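The sequence shown begins at 59 in my numbering and counts up one residue at a time.
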Amino acid sequence: MPKTTVKVPTPLRPFAGGASELSLEGSTVGGVIRSLTEANPALQRHLFTPEGRLRNFVTVYLNDEDIRYLQREATPLKEGDVVSIVPAVAGGAPSTSQESGRSPKLVGIAPAPAETFTRDELRRYSRHLLLPEVGVAGQRKLRQAKVLLVGAGGLGSPTALYLAAAGVGEMGLVDFDTVDLSNLQRQVLYSTADVGRPKLVAAKERIEGLNPGTKVVGYEQRLTSENALDILRPYDIVVDGTDNFPTRYLVNDACVLLGKPNVYGSIYRFEGQVSVFDARHGPCYRCLYSEPPPPDLVPSCAEAGVLGVLPGLVGVLQATETVKLIIGKGEPLIGRLLLFDALGLAFRELKLHKNPHCVLCSPNAPQKGLIDYPAFCGVPADGVAPAAGSVPQIEPEALHVELESADPPFLVDVREPEEWEIAHLPGAHLIPKAELADRVDELTRAPKLVLYCRAGTRSADATRLLLDLGFSNVRSLRGGINAWAQKVDPSLAQY
Ligand SMILES: [Zn+2]
Numbered sequence: 059m060p061k062t063t064v065k066v067p068t069p070l071r072p073f074a075g076g077a078s079e080l081s082l083e084g085s086t087v088g089g090v091i092r093s094l095t096e097a098n099p100a101l102q103r104h105l106f107t108p109e110g111r112l113r114n115f116v117t118v119y120l121n122d123e124d125i126r127y128l129q130r131e132a133t134p135l136k137e138g139d140v141v142s143i144v145p146a147v148a149g150g151a152p153s154t155s156q157e158s159g160r161s162p163k164l165v166g167i168a169p170a171p172a173e174t175f176t177r178d179e180l181r182r183y184s185r186h187l188l189l190p191e192v193g194v195a196g197q198r199k200l201r202q203a204k205v206l207l208v209g210a211g212g213l214g215s216p217t218a219l220y221l222a223a224a225g226v227g228e229m230g231l232v233d234f235d236t237v238d239l240s241n242l243q244r245q246v247l248y249s250t251a252d253v254g255r256p257k258l259v260a261a262k263e264r265i266e267g268l269n270p271g272t273k274v275v276g277y278e279q280r281l282t283s284e285n286a287l288d289i290l291r292p293y294d295i296v297v298d299g300t301d302n303f304p305t306r307y308l309v310n311d312a313c314v315l316l317g318k319p320n321v322y323g324s325i326y327r328f329e330g331q332v333s334v335f336d337a338r339h340g341p342c343y344r345c346l347y348s349e350p351p352p353p354d355l356v357p358s359c360a361e362a363g364v365l366g367v368l369p370g371l372v373g374v375l376q377a378t379e380t381v382k383l384i385i386g387k388g389e390p391l392i393g394r395l396l397l398f399d400a401l402g403l404a405f406r407e408l409k410l411h412k413n414p415h416c417v418l419c420s421p422n423a424p425q426k427g428l429i430d431y432p433a434f435c436g437v438p439a440d441g442v443a444p445a446a447g448s449v450p451q452i453e454p455e456a457l458h459v460e461l462e463s464a465d466p467p468f469l470v471d472v473r474e475p476e477e478w479e480i481a482h483l484p485g486a487h488l489i490p491k492a493e494l495a496d497r498v499d500e501l502t503r504a505p506k507l508v509l510y511c512r513a514g515t516r517s518a519d520a521t522r523l524l525l526d527l528g529f530s531n532v533r534s535l536r537g538g539i540n541a542w543a544q545k546v547d548p549s550l551a552q553y
């Protein structure tokens, strides 16, 4: 039987013994995936539904081709083939005749009226003006362009800086956060003096300081189904720098409905994804991932960590694609998904197809408007997983009293070992959430349990799991170890 390399993406590596790739034997794609899950049973629920169907937020590639456009799981393998599992990360029918394998060229935004540049502007943009592909005509297009950045965080920071430097005339920013000290490791729009300030205020100062010719319009609100179409409508191009699935699907759907290109980027630990979704010329995000992952299957950046330079790289790639779309030069990343692995310093490119049955962008698409995205993704609008509201919880102060009592609860820390190193509660027992189901015997003798994590989301999920397994006296520490540090022990580090 031929030997195939199976590439395991970072989010799933903990369930495959930490391996990034495995060499497996099998004559079909389905065969090697079955060998993979047989050797690593914990992967089963991540890759397959309880009915045994490959989950919709997992896409499997044979070399650079999506198996849905080959023979799916029956696709035969030959020696040396590479099978890649590409799950959606927050933060994705036969090809139609119009697909010639080449990305369509875009025309750029409408030609600008022949305004002249001032002497200062000619000097500022001189290195662009020297490029025949940009020149005065391209620079005018940049000045006339309106770009909306959804999210002014890790991805939005470099994108905003480079687009302003390039001379983009108007930039909308959607963000309602304030600058936190933990943002500065990657969000290069902000400085230490900005900690505690609204991101939009600090970003506007920084961008207009870099280029007074760039007008910044701030939207200090969460993008919702109610406001998205109105916010996106005035812009030529939308750059998706969000960190959560509800907003990602909302941005995609609004762009499809309005007929605008969506410059997509996402990051996870050491890996990034970039593409340009433009349903007028190619696939949309839903053609790639018709459904989001269940909220408990893929951790967020806040839980998983991210290498600080990674959003820099991905954001600069998004800025590059945006500039190309504006000036109408080059081959945009339409119909292609670029994967970047910082640890291996490797780029790979996969083909994306327009799904002829896409619920949103196919000719007879059933969905004609925006939907309730938090419900679609199984998370409430505030981003807290649904389990948090529905499991027994304990406040930090009450836990403190119980721990001092004669009958203290058994404390379980469900975070990762790296987080344990930063800070942990005395007497706690470390069992990372992903290992909990396999290690419940360590807990069966404790008469009462309290679970905690960083901020209370993972421990709520873990509490739900234990309750479902038949445990009765289990509670989750509300607000996690960070709330404990705020309310009980200020000497403990928050992160
Ligand atoms: Zn689509």
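Glycine is no exception: its CB is placed at the ideal position from the N, C-alpha and C atoms. The model shown is predicted, which means the values in this text are computed figures rather than measured ones.
The closest CA to that of residue 210, considering only 518, 353, 289, 373, is found on 373. 283 is the residue among 329, 60, 283, 327 whose C-alpha sits nearest the C-alpha of residue 311.
Between residue 326 and residue 147, the gap from beta carbon to beta carbon is short of 7 Å. Under the Cβ criterion (8 Å, minimum of three pairs), the region 498 to 514 counts as touching the region 457 to 476. In this chain, residue 392 is not harboured by any beta strand (DSSP E), its DSSP state being neither H nor E. Not one heavy atom of ligand 1 falls within 6 Å of the beta-carbon of residue 313. Per DSSP, reduced to three states, the secondary structure at residue 284 is coil, with no helix or strand assignment.
By the Cβ-count criterion, residue 480 is exposed, with fewer than 16 other Cβ atoms from all chains shown falling within 10 Å of its own Cβ.
Those residues that have a beta carbon less than 7 Å away from any non-hydrogen atom of ligand 1 are, in order along the chain, 314, 337, 341, 342, 344, 345, 412, 413, 416, 418, 419, 420.
If you draw a straight line from the Cα of residue 534 to the Cα of residue 496, it comes to about 19 Å. For residue 320, the enclosing beta strand (DSSP E) stretches over residues 320 to 326. Residue 416 places its beta carbon 7 Å or farther from that of residue 313. Here DSSP, grouped into helix, strand and coil, assigns residue 234 to coil. Distance from the CA atom of residue 87 to the CA atom of residue 135, rounded to whole angstroms, is 7 Å. Where residue 81 is concerned, the enclosing beta strand (DSSP E) starts and stops at 79 to 83.
Straight across, the Cα-Cα distance linking residue 483 with residue 452 is about 15 Å. Nearest Cα to residue 537 within the set 517, 225, 249, 548: 517.
By the C-beta density criterion, residue 261 is buried, having at least 16 other C-beta atoms within 10 angstroms.
For residue 295, the three-state secondary structure derived from DSSP is strand.
Scanning 193, 221, 428, 189 for the CA closest to the CA of residue 203 turns up 221.
The alpha carbon of residue 118 has as its nearest neighbour, out of 73, 72, 63, 369, the alpha carbon of 63. For secondary structure counted as the beta strand (DSSP E) over 3 or more consecutive residues, the region 192 to 257 holds these complete runs in sequence order: 204 to 208, 228 to 232. Put simply, the backbone Cα of residue 387 is about 20 Å away from that of residue 323. Residue 144 is bridged by DSSP to 117. Three or more Cβ pairs closer than 8 Å define a contact, and the region 238 to 256 falls short of that threshold against the region 176 to 194. Put simply, the backbone Cα of residue 402 is about 20 Å away from that of residue 138. When DSSP states are grouped into helix, strand and coil, residue 546 belongs to the coil group.
Under the criterion of beta carbons closer than 8 Å, residue 242 and residue 276 do not qualify as touching, at roughly 20 Å. In this structure, DSSP gives residue 274 an extended state, which the three-state scheme calls strand.
Rounded to the nearest whole angstrom, the CA to CA distance from residue 503 to residue 104 is 30 Å. For residue 507, the enclosing beta strand (DSSP E) has its first and last residue at 507 to 510.
When secondary structure is reduced to three states using DSSP, residue 336 falls in the coil class, being assigned neither helix nor strand. When the Cα atoms are used, residue 303 and residue 321 turn out to be separated by approximately 15 Å.
Taking residue 102 as the centre and dropping the five residues before and after it, the same chain places the C-beta of 95 closer than 7 Å to its C-beta, in chain order. The beta carbon of residue 214 is closer than 6 Å to those of 207, 299 in its chain, skipping five residues each way along the sequence.
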